[in-house]
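These notes concern the structure reproduced below.
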Amino acid sequence: MPFLVAAMFAASYVHVVSAIQIASQQRLAVFAVCSLVIKVLAQEAAKLYLTKQSKSPTMRSMVVIVATPTIMLDTQLRTVLLCQDSASLKLVGSVLLAVAEIVFRVAKTLYVTRKTPRILPKDQGYSSSIALQTSTTQEGPIIIAHEFLALHSAETYADMTAEYIAMGCSYAILVLFYSHPKFQLNIHGDPTSTHALQTTTIVTQVVIEMLVDFAAVVFEIRRGVNFDHINADNTYLSFFSAVVALANIHISTGIYLNPSSL
Numbered sequence: 015m016p017f018l019v020a021a022m023f024a025a026s027y028v029h030v031v032s033a034i035q036i037a038s039q040q041r042l043a044v045f046a047v048c049s050l051v052i053k054v055l056a057q058e059a060a061k062l063y064l065t066k067q068s069k070s071p072t073m074r075s076m077v078v079i080v081a082t083p084t085i086m087l088d089t090q091l092r093t094v095l096l097c098q099d100s101a102s103l104k105l106v107g108s109v110l111l112a113v114a115e116i117v118f119r120v121a122k123t124l125y126v127t128r129k130t131p132r133i134l135p136k137d138q139g140y141s142s143s144i145a146l147q148t149s150t151t152q153e154g155p156i157i158i159a160h161e162f163l164a165l166h167s168a169e170t171y172a173d174m175t176a177e178y179i180a181m182g183c184s185y186a187i188l189v190l191f192y193s194h195p196k197f198q199l200n201i202h203g204d205p206t207s208t209h210a211l212q213t214t215t216i217v218t219q220v221v222i223e224m225l226v227d228f229a230a231v232v233f234e235i236r237r238g239v240n241f242d243h244i245n246a247d248n249t250y251l252s253f254f255s256a257v258v259a260l261a262n263i264h265i266s267t268g269i270y271l272n273p274s275s276l
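Quick note on numbering: this note's numbering labels position 2 of the sequence shown as 16, and the sequence is numbered without any gaps.
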């Protein structure tokens, strides 16, 4: 049920975006801000739902519920950004997206790691994630604190995974439908130079995203967030990522390239 709701929300968002005409930098800025706000609200709603369940949320449920709408939202935002004519606008937009991402991640990590000591008894304290991991067989606040950190690490991993899937989907859409009138990427200037510019923009976005993730992960690990437990679900996460990526491209192109949306 939660996955169905997340998928319906994401598909509805694509329908709305396909009807929006973004012809100015102001509209692009408003669209980007609204997309980021909606993404954060969707993630928080998903996390709130999972924390209200009687059973502790698993890594799989977190990835499914958090990553699905995130992939859809980020794909639309990055596709719109790549369709802009100005190379400087694409670069500035990519940098601003990276800044917003790292600010959100740092803020969430600080909130989680500062809330964790208040969950623990005063005599336990909170020095590192190792103390929590070695005490998971105990009952009470220590387990709650451990699950709180595990939930945050699962959310962070799901968000990171969704970012890269969204980037890949947006690039695939533009590569496969490069000459389609909806995107109009080959009508300005020399197609060869335009393709080179798109490639440069894509590489720049990937490099920026990798630098942001590296800096954010280092900060999160130093604050006690542990990602080791994620390795147990590698096979499932790989399969899920592939399925969602294909579904995302199919839904996005099906809606975007519908004659009524042109």
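We treat Cβ as the ideally placed atom computed from N, Cα and C, and that holds for glycine.
These numbers come from a predicted model, not from an experiment.
Beta-carbon contacts of residue i that lie in its chain and below 7 Å, excluding the five residues immediately before and after
| i | result |
| --- | --- |
| D227 | M174 |
| S255 | T175 and I179 |
| D247 | M73 and R74 |
| E58 | none |
| L263 | Residue identity check: residue 263 is Ile in the sequence provided, not Leu. So the qualifying residues of the chain are C183, A186 and I187. |
| T127 | R237 and G238 |
Any non-hydrogen atom of the ligand PLP within 6 Å of residue i CB
| i | result |
| --- | --- |
| Y185 | In the structure on display, the ligand PLP does not appear, and there are no ligands present to speak of. |
Neighbourhood of residue i by C-beta, 8 Å cutoff - its chain only, sequence neighbours within 5 removed
| i | result |
| --- | --- |
| V258 | A81, T82, I85 and I179 |
| V120 | A230 and F233 |
| V30 | none |
| K53 | P83, T84, L87 and D88 |
| Q98 | L42, K104 and G107 |
| L225 | A112 |
Cα-Cα separation between residue i and residue j, rounded to whole angstroms
| i | j | result |
| --- | --- | --- |
| L91 | Y125 | 27 Å |
| A33 | Q67 | 37 Å |
| A56 | T214 | 32 Å |
| C10 | V189 | Given that the chain is displayed from residue 15 to residue 276, the structure contains no residue 10 and the question cannot be resolved. |
| L96 | T267 | 15 Å |
| E223 | A112 | 6 Å |
| H166 | V78 | 15 Å |
| A186 | I235 | 32 Å |
| S249 | V217 | It should be noted that the sequence gives Thr, not Ser, for residue 249. Answer to the nearest angstrom: the Cα atoms are 27 Å apart. |
| I244 | S252 | 12 Å |
| A101 | I116 | 23 Å |
| M181 | K61 | 23 Å |
| M76 | A43 | 29 Å |
| L64 | A114 | 25 Å |
| T170 | K129 | 17 Å |
| M22 | F118 | 25 Å |
| A261 | S26 | 14 Å |
| F45 | F241 | 32 Å |
Nearest-angstrom Cβ-Cβ length linking residue i and residue j, presumed shorter than 8 Å
| i | j | result |
| --- | --- | --- |
| A176 | M73 | The Cβ separation is near 14 Å, so there is no contact. |
| L163 | V239 | 6 Å |
| I36 | V94 | 6 Å |
| Q39 | L103 | 7 Å |
| V28 | I265 | 6 Å |
6 Å Cβ shell around residue i - same chain, five flanking residues per side excluded
| i | result |
| --- | --- |
| A172 | M76, V77, V80 and A81 |
| T123 | E234 and R237 |
message: Would you call the stretch 87 to 95 in contact with the stretch 46 to 66, where contact means no fewer than 3 C-beta pairs closer than 8 Å?
response: Enough Cβ pairs lie closer than 8 Å, so yes.
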